Each structure stands twice: as structure tokens, then as C-alpha cells.
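In the numbering used here, the protein residues as written are -7 to 243. Glycine included, every Cβ here is placed at the ideal spot set by N, Cα and C. A quick note: this is a predicted structure, and the numbers were derived from the prediction, not measured. Structure first, commentary second.
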Ligand SMILES: C[S@@+](CC[C@H](N)C(=O)[O-])C[C@H]1O[C@@H](n2cnc3c(N)ncnc32)[C@H](O)[C@@H]1O
């Protein structure tokens, strides 16, 4: 079993912080003059970056592990009230929730992605549509306006985006239902169209779930991310942005 990259990065961060403290202790006891704190932070970031490369973590983890010790040091020098950090932590936790496990953070799709998907739907048909990872709800609310005959469910794992989507749908009197939860626990058999805007890491497992549960003829629509090793049934592009939307028809 491979650990999630966030847990590996956490392990590297703790290990190198420990090493840096030990080095600082040794230098205080054995060197004639104290070395500046920034030296140890650079040492920590440097070793962490090497370890991140050894563990084949993505490039942004290498940057995070290098920059964070310095950023924390600078933030401590500002002597800000701890409640500010706690408030920031709470906000990020509610917004991004279990992203360290799902590897799918929140970022919205554009209206043009929604319009591309709208073009796939027959205006006279009543489809059961689910948006997995519905974020702030903008995609489904817009699609429901364009195709009011179909039925829509958005499922979102992070509490704050879910709450915002719920308020938006009530405020805009949208027929879209939003639910808090993990799409992996939803039976997709009931849906004709699954829309996903997730991340490359989530795609293989999602495709297996769709293949196992969805009926023949129903489609998985993935904005921007392909299913590795599977040929899409169609590749769609908006003329308003460069991102591609892929469809996978179930057989
Ligand atoms: C890239 S955002 C896309 C948001 C929205 N679909 C859109 O197009 O604007 C992905 C969303 O999926 C959510 N997500 C990730 N894993 C999930 C899971 N297993 N179950 C439900 N939601 C999930 C994230 O919290 C995030 O809000």
C-alpha cells in the first residue's frame, strides 16, 4: 500500500525539523560562535527537498517542503495573535477537508465547461445527472438552468463548499439537490451522466467504479483529466478556453 503524498510529506517535514534541531543543538555546544537560525532552516528545506525527490513526490511538495520552514519562521517574527492562525486553519480545514487523502482540492470549472456538457444533453430527455465533487455548486446550478427537464444531484465531501452550494441553490431556487458525502460511497447505477472535475490521481478508481456500477449507454464526463489507458468516446473543446472535456460511454 502506498501512503498518500501528504502523509509522506508530513513525515519528511517532521523528520527534517528534528534533524535541524539536533544540528542546532550540536552547533551551540561545539562551535565557537552561534550560526544564524536561517542556516538551519535552509538546511532543513534542502534535506527535505532531497527526500521528497527520493520518495518521488510531485514538484509542488518539494517547493512546499523547502519554503514552509522559512515561511513559518518569518510568520513567527511578525508576532501575530495565534487566533489568526487558528482561524486560518479552521477555514482551510472546512474548505479542503480530506484533500490530503482524496488528492482533489477545490477549484471551480468555468462556464464554458458547463456549456460543453450542456451540448451533450438532449433537451427533450429527462436524465439523471450527478456531479461528483460539486464544490460551490455553480456547475450543476447552471446546467440545471440550461436543461431544466433533467434531475440533478451534487455530492461534495468538504463541509464549507457543500454549505455554500446549499445556500446558493436555495437562494437561486434551483432544483439541484446537494448532499454532503463521499462519491465513492454512492451507487452510480441510477445515473445516466456522471460529471467529474477531480484530479489525475482520482481518475483510475473513478473509472473502475463507473464501469462496475453504471448501465450501458450512460456516460462519465471528465473535465480536463483523462482516464489513463482508456480511449475516450469523445473529446470536446470549448472555443472559449483551452481545457478539454472527455466522455467515456459505458458498454
Ligand atoms: C476541482 S473541484 C471541482 C468543483 C466543481 N465540480 C466545479 O466544477 O466547479 C473538486 C471537488 O471535489 C471534491 N471532492 C474530492 N474528493 C471527493 C469525494 N471523494 N467525494 C466528494 N467530493 C469530493 C473536492 O472537495 C472539491 O470541491
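Taking C-alpha positions only, residue 19 is separated from residue 154 by approximately 50 Å. Taken through DSSP and simplified to helix, strand or coil, residue 88 comes out as helix. Non-local beta-carbon contacts of residue 128 in its own chain, meaning distances under 8 Å to residues more than five positions away in sequence, involve 98, 100, 153, 156, 157 and 160 in chain order. Residue 38 and residue 58 have their C-alpha atoms some 6 Å from each other. Per DSSP, residue 5 is one residue of the alpha helix (DSSP H) stretching across -3 to 22.
Within the model, the alpha-carbon separation for residue 194 versus residue 94 is close to 7 Å. Taken in chain order, the complete beta strand (DSSP E) segments of 3 residues or longer contained in the segment 132 to 175 are 143 to 148 and 169 to 172. Fewer than three beta-carbon pairs drawn from the segment 104 to 115 and the segment 79 to 86 are found closer than 8 Å, and the two stretches are therefore not classed as touching.
Between residue -4 and residue 182, the alpha-carbon positions lie close to 31 Å from each other.
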